[in-house]
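Per the working numbering, the sequence shown starts with residue -13, numbered consecutively. C-beta atoms are modelled at their ideal positions from N, C-alpha and C, and glycine is treated no differently. Remarks on the structure that follows.
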Amino acid sequence: MEVTVRAEVEPRCPTICRLWGTTRCRAGKDEGVRAVTVKPGVANSLSLVEDQPEPAPGEGAVLVQALAVGICGTDHEILDGQYGEAPPGSDRLIIGHESLGRVLEDPSGAFQPGDLVAGIVRHPDPVPCPNCAAGEWDMCRNGQFTEHGIKALPGFARDRWRIEPRFAVRLDPALARVGVLLEPTSVVAKAWDHIERIGHRAEWEPQTVLVTGAGPIGLLAALLATQRGLTVHVLDRATSGPKPELVAALGATYHTVPVNDLPFEPDVVVECTGAPSVVIDVMCKAGQTGIVCLAGVSSGGRTIDFDAGALNRALVLENNVVFGSVNANRRHWSMAAQALSRAEQPWLESLLTRRVQVERYAEAYTPEPDDIKVVLEFGV
Ligand SMILES: [Zn+2]
Ligand SMILES: [Zn+2]
């Protein structure tokens, strides 16, 4: 009886609402959903919209309370108006594709309330193409796929979101502080999966890996390389800040010299800078039967001089492979969840260099010099 009276006079019940969703709010108050949005194609249109409706049940059976959203270069391209597409019938896009949340309810029974989950970013195209039909939507062949927070699907930067069970990935409960790294880890899990598939075209015993670029993708690529027992070298321009120490903590070697000055020829290169001269240099630097995975995206529009004939000779005469890799499918998300569980938690935490509460969202989207991964947090 006493509890009922207290609930009636309580104007808001944030604890209960945030735990159970507003549909079960015991004070009968609807808090509304806050969402970080942009107008795709319009630079500087970032805004926090309050009192959004609850996510529609049609978005998926699994209702999730957001914990964190990671921010990356794709978000900055969307903020600059270069990229991004609102869902049909809307002129605003809720951004955020690197998610972490806690399940509030799932009538399908696939997930239990309290489960730690992330949402898979890409959904297969509606045709579907042969790869999407096989669940390999990361290899979509017609480009009609959709992506949460990027292309025609609402993102995860909102208090609550919904997703279909088949697009939700369960994480080890111990990963509550760092599980927001699952999406970028899925991208490097896919890169490593394809490197290994290509490697097994012949007898293959790689030993030395070069990762170029020590941002989140490069550091996570290096983590997965060390988990494979390989000798890992990471090259970046930064001579100060957290990067050298993070690389050393993995047991890897940090370099700031030009690629051509490195005293070894790597068996595998994971190129994460997208810088044209680095891309060309690593293709020439890879050793016999070397594999170069290009995971960084160049902005284009700049030209450099290089000897295409020499590059051709290097690739043909050494049986080398250069390939591009983007996105990830469900299998890679599962691999990534395992990789994060096996990693040292303090090391993963130190990649998250800034945590910003959603009320101060603008700060999160303003880059600072020593940022590695900035995370928007939804207070609970
Ligand atoms: Zn991202
Ligand atoms: Zn497709």
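Item: Residue range of the unbroken alpha helix (DSSP H) whose run includes A64; Value: Reading off the sequence shown, one finds Ile at residue 64, where the question assumed Ala. Taken as a continuous stretch (DSSP letters only), the alpha helix (DSSP H) holding I64 covers G59 to L65.
Item: Buried or exposed (CB count within 10 angstroms, at least 16 for buried), G165; Value: buried
Item: Beta-carbon contacts of E63 that lie in its chain and below 8 Å, excluding the five residues immediately before and after; Value: Y69 and G70
Item: Cβ neighbours of P93 in the same chain (closer than 7 Å, five flanking residues each side left out); Value: A47
Item: T212 vs P252 beta-carbon contact at 8 Å; Value: no
Item: Ligand 1 heavy atom lying under 7 Å from the CB of E40; Value: no
Item: Residue from S320, C270, T339 and V278 with nearest C-alpha to P228; Value: T339
Item: heavy atom of ligand 2 below 7 Å from R123 C-beta; Value: Just to set this straight, residue 123 is Trp in the shown sequence, not Arg. Yes, Cβ of W123 sits closer than 7 Å to a heavy atom of ligand 2.
Item: Segment contact flag, the region 258 to 270 with the region 153 to 161, C-beta cutoff 8 Å, min 3 pairs; Value: no
Item: Own chain residues within Cβ distance below 8 Å of Q98, not counting five before or after; Value: V89 and D92
Item: Neighbourhood of ligand 2 [Cβ distance below 7 Å to any heavy atom], ordered by chain position; Value: P110, D111, V113, P114, C115, N117, C118, W123, C126, R127, N128, Q130 and F131
Item: Cα-Cα separation between T(-10) and E17, rounded to whole angstroms; Value: Here the model assigns T(-10) a pLDDT of 37, short of 50, so the residue's position is not dependable and the matter cannot be decided.
Item: T171: CB within 7 Å of a non-hydrogen atom of ligand 1; Value: no
Item: Cβ-heavy atom distance, H134 to ligand 1, below 7 Å; Value: no
Item: Beta-carbon spacing of V283, V268 below 8 Å; Value: no
Item: When V22, Q274 and R299 are compared against W147, the one with the closest alpha-carbon; Value: V22
Item: From G67, P151, A138 and K176, residue whose alpha carbon lies closest to that of F309; Value: K176
Item: beta-carbon H62 near ligand 1 non-hydrogen atom, thresh 7 Å; Value: no
Item: Other residues of its chain near N306: CB distance less than 6 Å, five sequence neighbours each side excluded; Value: A272 and G276
Item: Segment limits, alpha helix (DSSP H) that includes D390; Value: The first residue shown for the chain is -13 and the last is 366, placing residue 390 beyond what the model contains.
Item: Distance cut-off 7 Å: E36 Cβ against heavy atoms of ligand 1; Value: no
Item: Reduced DSSP category for G276 - H, G, I as helix; E, B as strand; rest coil; Value: coil
Item: Burial state of D222, where buried means 16 or more other Cβ atoms lie within 10 Å; Value: buried
Item: Opening and closing residue of the alpha helix (DSSP H) in which V233 lies; Value: K229 to A235
Item: Under 8 Å between C-beta atoms of I80 and G141; Value: yes
Item: Three CB pairs or more closer than 8 Å across the region 102 to 115 and the region 123 to 131; Value: yes
Item: Proximity to G87 [Cα-Cα], best of G95, V55 and A72; Value: V55
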